[in-house]
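Chains as they are written, first to last, in the numbering used here: chain A, 1 to 116; chain B, 117 to 241; chain C, 242 to 445.
Beta carbons are placed, not taken as given, at the ideal position from N, Cα and C, and that holds for glycine.
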Amino acid sequence: MNSVLVIIDKAPYGWEDAFSGFFVEIACLNRQMDADILLIEDGVYAAVDGQDSDNIKFPGVGELTYLIFPEGNLYVYEDSIKKRGINKEDLMETIEIVNSKELYEITRAKEAVIKI
Amino acid sequence: MESSPQKKTLTIILTEGPYRSQYADMAYEIAKSALNNEYNVNIFLYMDATHIPRKGQNPHSFPNVLEKIKKMVNRGADIRACVRCATARGYACDEKFPYIKGITITSVYDIPDWIKESDKVLSLG
Amino acid sequence: MKMEEIEYELFENGVLIRKAIIKNVKPCIISEGQISVLLQLDKELHHILPHLAVKFPPGKVNYLDKKNILTLSIYERLITVYPSGKVSMNKTNTKEESIEIIKEICTLINETHLEVKEGKTADYMALKDKLSKIGPLTIYNCLPQTDCTECGETTCMAFAMRVLSGESKLYECMLLHEMGYVNNVKCLKSSLGNKIMEVLGWKI
Numbered sequence: 001m002n003s004v005l006v007i008i009d010k011a012p013y014g015w016e017d018a019f020s021g022f023f024v025e026i027a028c029l030n031r032q033m034d035a036d037i038l039l040i041e042d043g044v045y046a047a048v049d050g051q052d053s054d055n056i057k058f059p060g061v062g063e064l065t066y067l068i069f070p071e072g073n074l075y076v077y078e079d080s081i082k083k084r085g086i087n088k089e090d091l092m093e094t095i096e097i098v099n100s101k102e103l104y105e106i107t108r109a110k111e112a113v114i115k116i
Numbered sequence: 117m118e119s120s121p122q123k124k125t126l127t128i129i130l131t132e133g134p135y136r137s138q139y140a141d142m143a144y145e146i147a148k149s150a151l152n153n154e155y156n157v158n159i160f161l162y163m164d165a166t167h168i169p170r171k172g173q174n175p176h177s178f179p180n181v182l183e184k185i186k187k188m189v190n191r192g193a194d195i196r197a198c199v200r201c202a203t204a205r206g207y208a209c210d211e212k213f214p215y216i217k218g219i220t221i222t223s224v225y226d227i228p229d230w231i232k233e234s235d236k237v238l239s240l241g
Numbered sequence: 242m243k244m245e246e247i248e249y250e251l252f253e254n255g256v257l258i259r260k261a262i263i264k265n266v267k268p269c270i271i272s273e274g275q276i277s278v279l280l281q282l283d284k285e286l287h288h289i290l291p292h293l294a295v296k297f298p299p300g301k302v303n304y305l306d307k308k309n310i311l312t313l314s315i316y317e318r319l320i321t322v323y324p325s326g327k328v329s330m331n332k333t334n335t336k337e338e339s340i341e342i343i344k345e346i347c348t349l350i351n352e353t354h355l356e357v358k359e360g361k362t363a364d365y366m367a368l369k370d371k372l373s374k375i376g377p378l379t380i381y382n383c384l385p386q387t388d389c390t391e392c393g394e395t396t397c398m399a400f401a402m403r404v405l406s407g408e409s410k411l412y413e414c415m416l417l418h419e420m421g422y423v424n425n426v427k428c429l430k431s432s433l434g435n436k437i438m439e440v441l442g443w444k445i
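Spelled out as structure tokens, the structure:
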């Protein structure tokens, strides 16, 4: 299988999942795979702009998006940001917002879908 | 001349530790079924799942997850743990190997390598 | 553990960009042994990017309209320029190399900024539209079609494809500089227009 979608549904700085999920994405891109990330539910917090985790000494996840994009895409589910009161302008420029139909098409187009 | 059909491969990625959640037990059932159906089975232990193969577990009321891991190893499943996650949790650099026999500690790059060669990929956690 | 951010002065009197800060250096994920650098320029680039996108051959450009993000395949690496002024660059060897390259790019950004300020930029929507409709045949039809190979390619069609992808420049066709081929040059000018001729490597 050569294409993969990595789904992250937990918020960073509360769970290791976002950071570790980004690592899996980077490993897949390194192996020349078509690999994208989907942030859904609390995972959408990883896409918020202006993250600065220096004080709590945990690795930042925001700047990792610049390492992933444009080779890999970062998708954020529209419904999840609406529920949480996050606006389009609050997100990083490397992010693409997708609705249910687009989400369906993206998932359908991938050979492997994993959730970290 | 008929060539034998190539064996299919199933890869399971686990991310949660044992006992609080039962993903390891679920993975065992799925892997058992796959092995019965002549599949190659790969299991990647990521994040808290690196606690699963630790030696010396002794749960009081719950089934011992180590027994299930041992059975899978004996039947030829390839079980690997992420070095970054294992080291963080205190497993990699011991003099005495911290896990039961048959577990390898490797890098996260095994995930894409395994996905490439698999027919089915499942993540549980 | 965050690395110290280093500020570099690029142009003392730059019309738009004067400084660049290296925000992050990470191992390049697609090229072992090389690095990926994330820089922040000292001004935003919203107004510049669409005009910058039409200054490169189509094969070297990936411009995301909706997000106003420009990715260029130049200097043997991928350089992504964001409206916030962030620039990411992969397949790089050293921080110093990234600064050398960012200086070249900022020279072009500053030039473009001046053009925008003075109202001298071409209608980028029309240019973009035209660029997307040009295929190798558009160029091939105006070439001498002699397959003389002086440009280094085996056929004129191969040369036309390389011009579009940005690997060759129009001026590399030796015959186009000769008196007998003035009509070919006219044909190119009328099919492509002066702006696109320049983008594809013809000196007007």
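Identity of the residue in the options nearest residue i by Cα
i, options, result
"LYS336 (chain C)", "C:LEU290, C:LEU257, C:LYS264", "C:LYS264"
"ILE216 (chain B)", "B:ASP226, B:TRP230, B:ASP229, B:ARG196", "B:ARG196"
"GLY255 (chain C)", "C:ILE262, C:GLU273, C:LYS284", "C:LYS284"
"ASN331 (chain C)", "C:ASN425, C:LEU429, C:ILE437, C:GLY274", "C:GLY274"
"GLU141 (chain B)", "B:ARG191, B:LYS236, B:LYS187", "With the sequence shown as reference, residue 141 (chain B) is identified as Asp, and Glu is not the correct amino acid for it. Minimum Cα distance to ASP141 (chain B) is reached at B:LYS187."
"VAL328 (chain C)", "A:PRO70, A:ASP90, A:LYS82, A:TYR75", "A:PRO70"
"ASN425 (chain C)", "C:ASN351, C:LEU378, C:GLY442, C:LEU384", "C:LEU384"
"ALA367 (chain C)", "C:VAL322, C:ARG403, C:ALA294", "C:ALA294"
"LYS112 (chain B)", "B:SER177, B:ILE128, B:THR222, B:TYR225", "Nothing in the structure corresponds to residue 112 (chain B), since chain B is present only between 117 and 241."
"ILE168 (chain B)", "B:ASN156, B:SER177, B:ASP194, B:TYR139", "B:TYR139"
"GLU341 (chain C)", "C:GLU245, C:ILE437, C:TYR249", "C:TYR249"
"ILE40 (chain A)", "A:TYR66, A:ILE97, A:GLU89", "A:ILE97"
"ILE26 (chain A)", "A:GLY14, A:LEU5, A:SER80, A:VAL76", "A:LEU5"
"ALA193 (chain B)", "B:LYS232, B:LYS212, B:GLY218", "B:GLY218"
"ILE350 (chain C)", "C:LEU286, C:ARG403, C:GLY360, C:VAL302", "C:LEU286"
Through-space distance from residue j to residue i, alpha-carbon basis
i, j, result
"TYR412 (chain C)", "VAL440 (chain C)", "11 Å"
"LEU151 (chain B)", "GLY407 (chain C)", "52 Å"
"SER100 (chain A)", "ASP306 (chain C)", "22 Å"
"GLN281 (chain C)", "ASP388 (chain C)", "47 Å"
"GLY133 (chain B)", "PRO179 (chain B)", "14 Å"
"ILE114 (chain A)", "ILE7 (chain A)", "6 Å"
"MET242 (chain C)", "ASN55 (chain A)", "Residue placement at MET242 (chain C) is poorly supported in this model, since its pLDDT is 43, which falls under 50; the coordinates still yield a value, given next. Each residue's Cα considered, the two are about 11 Å apart."
"GLU154 (chain B)", "LYS124 (chain B)", "8 Å"
"GLU145 (chain B)", "PRO228 (chain B)", "24 Å"
"TYR45 (chain A)", "ASP164 (chain B)", "22 Å"
"PRO12 (chain A)", "LEU103 (chain A)", "22 Å"
"ARG200 (chain B)", "PHE22 (chain A)", "14 Å"
"LYS308 (chain C)", "LEU74 (chain A)", "13 Å"
"LYS430 (chain C)", "MET415 (chain C)", "17 Å"
"PRO324 (chain C)", "ALA399 (chain C)", "36 Å"
"VAL181 (chain B)", "ALA47 (chain A)", "36 Å"
"LEU238 (chain B)", "LEU126 (chain B)", "8 Å"
"GLN386 (chain C)", "LYS436 (chain C)", "23 Å"
"ASN158 (chain B)", "TRP230 (chain B)", "8 Å"
Residues bridged to residue i (per DSSP)
i, result
"VAL322 (chain C)", "C:LEU311, C:VAL328"
"TYR304 (chain C)", "C:LEU311"
"THR333 (chain C)", "C:ILE276"
"VAL48 (chain A)", "A:LEU91"
"GLU248 (chain C)", "C:ILE262"
"SER239 (chain B)", "B:ILE129"
"LEU74 (chain A)", "A:ILE37, A:ILE95"
"VAL256 (chain C)", "Answer is none; VAL256 (chain C) lacks a bridge partner."
"CYS198 (chain B)", "B:THR222"
"PRO134 (chain B)", "None; PRO134 (chain B) has no bridge partner."
"LEU130 (chain A)", "In this structure chain A extends from 1 to 116, so residue 130 (chain A) is not present and cannot be described."
"TYR215 (chain B)", "B:ARG170"
"LEU282 (chain C)", "C:ALA261"
Helix, strand or coil at residue i according to DSSP, with G and I counted as helix
i, result
"ASN124 (chain A)", "Outside the displayed range of chain A (1 to 116) lies residue 124 (chain A), so it cannot be described from this structure."
"PRO385 (chain C)", "coil"
"CYS392 (chain C)", "coil"
"ASN265 (chain C)", "strand"
"SER177 (chain B)", "coil"
"ILE227 (chain B)", "helix"
"ASN158 (chain B)", "strand"
"ARG108 (chain A)", "helix"
"ALA98 (chain B)", "Outside the shown range of chain B (117 to 241) lies residue 98 (chain B), about which nothing can therefore be said."
"TYR139 (chain B)", "helix"
"ILE445 (chain C)", "coil"
"PRO12 (chain A)", "strand"
"ASN425 (chain C)", "helix"
"SER20 (chain A)", "helix"
Residue-level contact to chain F via CB, residue i, 8 Å cutoff
i, result
"VAL189 (chain B)", "Within the model displayed, chain F is absent; protein chains A, B and C are what it includes."
What residues in the region 259 to 274 of chain C have a beta carbon less than 8 Å from any beta carbon of chain A? LYS264, ASN265, LYS267, ILE270, ILE271
Short-range partners of chain B found in the region 9 to 41 of chain A, where Cβ spacing is below 8 Å: Flagged, chain order: GLU16, ASP17, SER20, PHE23, VAL24, ALA27, CYS28, ASN30, ARG31, MET33, ALA35.
Short of 9 Å Cβ to Cβ, which residues in the region 154 to 181 of chain B face chain A? TYR162, MET163, ASP164
Using a Cβ-Cβ cut-off of less than 9 Å, give me the residues of the region 226 to 238 of chain B that come near chain A, in sequence order. Listed by position, the residues of the region 226 to 238 of chain B near chain A (Cβ gap below 9 Å) are ASP226, ILE227, PRO228, ASP229, ILE231, LYS232, GLU233, SER234, ASP235, LYS236, VAL237, LEU238.
By the 9 Å beta-carbon criterion, what residues does the region 314 to 343 of chain C contribute toward chain A? LEU319, THR321, TYR323, PRO324, SER325, LYS327, SER329, ASN331
Which residues, in order along the region 125 to 140 of chain B, keep a beta-carbon less than 8 Å from a beta-carbon of chain A? ILE129, THR131
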